[in-house]
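Shown next, in structure tokens, is the structure this report addresses.
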Amino acid sequence: MPELPEVEAVCRKLRRDLPGARIRRARLLRAAEPGLEKRLRNRRIEGVERRGKNVLIRLEGAGTLRVHLKMTGNLYVRPDGAGLPPTARAWFALDGGRRLVFDDPRALGRIELLSEPELERLCASLGPEPLSSAFSPEYLKEAARRSRQPVKLFLLDQGKIAGLGNIYAAEALHRAGIHPRRPANRLANQRLERLHGAIVAVLDLAVQSACNAYRGPGRYDSAETFPVAVYGREGLPCPACRRPIRRIVQAGRSTYYCPGCQR
DNA sequence: AACACGACCTGGTAGC
DNA sequence: TGCTACCAGGTCGTGT
Numbered sequence: 009m010p011e012l013p014e015v016e017a018v019c020r021k022l023r024r025d026l027p028g029a030r031i032r033r034a035r036l037l038r039a040a041e042p043g044l045e046k047r048l049r050n051r052r053i054e055g056v057e058r059r060g061k062n063v064l065i066r067l068e069g070a071g072t073l074r075v076h077l078k079m080t081g082n083l084y085v086r087p088d089g090a091g092l093p094p095t096a097r098a099w100f101a102l103d104g105g106r107r108l109v110f111d112d113p114r115a116l117g118r119i120e121l122l123s124e125p126e127l128e129r130l131c132a133s134l135g136p137e138p139l140s141s142a143f144s145p146e147y148l149k150e151a152a153r154r155s156r157q158p159v160k161l162f163l164l165d166q167g168k169i170a171g172l173g174n175i176y177a178a179e180a181l182h183r184a185g186i187h188p189r190r191p192a193n194r195l196a197n198q199r200l201e202r203l204h205g206a207i208v209a210v211l212d213l214a215v216q217s218a219c220n221a222y223r224g225p226g227r228y229d230s231a232e233t234f235p236v237a238v239y240g241r242e243g244l245p246c247p248a249c250r251r252p253i254r255r256i257v258q259a260g261r262s263t264y265y266c267p268g269c270q271r
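Reading the first sequence from the start, the letters are residues 9 to 271 in this note's numbering.
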């Protein structure tokens with residue numbers, strides 16, 4: 009799924025097409041409550057934003073459409089004639105003969121309409137944006153100090169940092185030379201500063217990769233261009249020290265790391 | 001508080 | 001070929 013970088017790429021593309029467009033008709037097959045369709049009719053789209061892994065589409069006088077892509081969701085604008093993939097879970101007829109399509113093979117993604125207070129509550133439940141100034145080394149030190157969680161799980165907690173997911177958390181830990189099982193509150197300040205830099209560097213690069221990796225309808229192929237060091241590479245040599253990458257399971261999810269580089 | 005685990009869903013692939 | 005088992009970039013609710 010899309011983690012922050014892929015969601016950011018989706019938002020940037022939508023931002024070229026959506027602002028100012030009007031929703032003529034909405035079809036929500038299984039991604040939202042059916043009553044939503046009527047409430048979206050003839051609404052004008054004001055803008056597109058991202059918060060963590062959420063796509064936020066602001067509607068004039070009607071609140072904000074929140075789209076969560078979960079594992080396999082994608083959101084894009086196509087001409088009407090382009091047809092719908094069989095896994096399209098929702099689409100929105102726009103003016104100008106275009107369609108906003110929510111494609112989600114695994115059907116875990118969700119669309120909901122949030123009122124202003126609901127939107128505020130959502131945003132308040134999320135930690136700082138890792139690519140904003142709110143995510144400082146000082147913030148990371150303070151947050152880590154209060155958590156005894158293994159650092160990998162700490163990084164996945166959206167309430168602490170918004171937008172990191174399984175791939176880039178593992179990649180950031182590898183760059184920072186930190187073992188994923190190490191408790192967050194037992195990391196020295198210097199190592200947390202290094203982790204902070206690694207998170208920002210990994211996400212910056214991944215956003216670039218995700219934005220450049222556009223290959224065609226509904227694909228997010230950042231993995232094609234992002235230089236993955238550990239994720240999904242069990243048994244393959246670490247690019248830094250050549251020792252074989254290990255896979256462990258934390259909270260039911262795979263974590264990949266290098267036993268040589270990460271302590 | 002912290003952690004494991006199942007649920008939500010479908011599809012791709014490795015192994016027999 | 002065809003079946004099964006397991007895996008998957010996320011999150012939430014429940015139980016210990």
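C-beta atoms are modelled at their ideal positions from N, C-alpha and C, and glycine is treated no differently.
Checklist entry - Are there 16 or more other CB atoms within 10 angstroms of the CB of Glu150, so buried, or fewer, so exposed? => result Taking the first sequence and counting its residues from 1, the one referred to as residue 150 is at position 142. Glu150 should be labelled exposed.
Next on the checklist: Please classify Val257 as buried or exposed, where buried requires at least 16 neighbouring CB atoms within 10 angstroms.
Outcome noted: Stepping through the first sequence from its first residue, residue 257 is reached at position 249. Result: exposed.
Item to check | Residue from Glu54, Glu41, Ser262, Leu102 with nearest C-alpha to Pro188 | outcome: Taking the first sequence and counting its residues from 1, the one referred to as residue 188 is at position 180. Of the candidates Glu54, Glu41, Ser262, Leu102, the one whose C-alpha sits nearest the C-alpha of Pro188 is Ser262.
Next on the checklist: Quick check: what's the CA-CA separation for Gly224 versus Thr233?
Outcome noted: Counted from its first residue, the first sequence places residue 224 at position 216. Counted from its first residue, the first sequence places residue 233 at position 225. For Gly224, the predicted structure reports a pLDDT of 43, less than 50, and the residue's modelled location is therefore unreliable. The matter cannot be settled from this model.
Next on the checklist: Please identify the residue among Lys78, Val109, Leu77 whose C-alpha is closest to the C-alpha of Leu92.
Outcome noted: On the first sequence, residue 92 is found 84 positions in, with the first residue counted as 1. The residue with the shortest Cα to Cα distance from Leu92 is Val109.
Checklist entry - So what does DSSP say about Val159, is it helix, strand or coil? => result Taking the first residue of the first sequence as position 1, residue 159 is located at position 151. Note: Val159 maps to helix in three-state DSSP.
Item to check | CA nearest to the CA of Tyr147, picked from Lys61, Lys46, Arg114, Leu203 | outcome: As a working mapping, residue 147 is identified with position 139 in the first sequence. The residue with the shortest Cα to Cα distance from Tyr147 is Leu203.
Item to check | Whole-angstrom distance between Gly205 and Gly185, CA atom to CA atom | outcome: Counted from its first residue, the first sequence places residue 185 at position 177. Counted from its first residue, the first sequence places residue 205 at position 197. Their Cα atoms are separated by approximately 12 Å.
Item to check | Classification of Gly104 by the beta-carbon crowding that lies within 10 angstroms, buried from 16 upward | outcome: By one-based count along the first sequence, residue 104 stands at place 96. With fewer than 16 Cβ atoms within 10 Å of its Cβ, Gly104 is classed as exposed.
Next on the checklist: Suppose you measure from the CA of Val210 to the CA of Pro113; what does that come to, to the nearest Å?
Outcome noted: The sequence position of residue 210 within the first sequence is 202, counting from 1. The sequence position of residue 113 within the first sequence is 105, counting from 1. Those two C-alpha atoms are separated by around 27 Å.
Checklist entry - Are Ala196 and Val159 touching if we call contact CB-CB under 8 Å? => result Residue mapping note: residue 196 aligns to position 188 of the first sequence, counting from 1. Residue mapping note: residue 159 aligns to position 151 of the first sequence, counting from 1. No, these two residues do not count as a Cβ contact at 8 Å.
Next on the checklist: With the cut-off set at 8 Å, would you say Leu172 and Leu163 are in Cβ contact?
Outcome noted: Position 164 of the first sequence, counted from the start, is the residue given in the question as residue 172. Position 155 of the first sequence, counted from the start, is the residue given in the question as residue 163. For Leu172 and Leu163, yes; Cβs fall inside 8 Å.
Checklist entry - Which residues in the same chain have their Cβ closer than 6 Å to the Cβ of Gln166, if we skip the five residues on either side of it in sequence? => result As a first step, residue 166 must be located in the first sequence, where it is residue number 158. Cβ within range, chain order: Gly60, Leu134.
Checklist entry - Where do the ends of the beta strand (DSSP E) carrying Ala98 lie? => result Position 90 of the first sequence, counted from the first residue, corresponds to residue 98. Note, Ala98: beta strand (DSSP E), 96-102.
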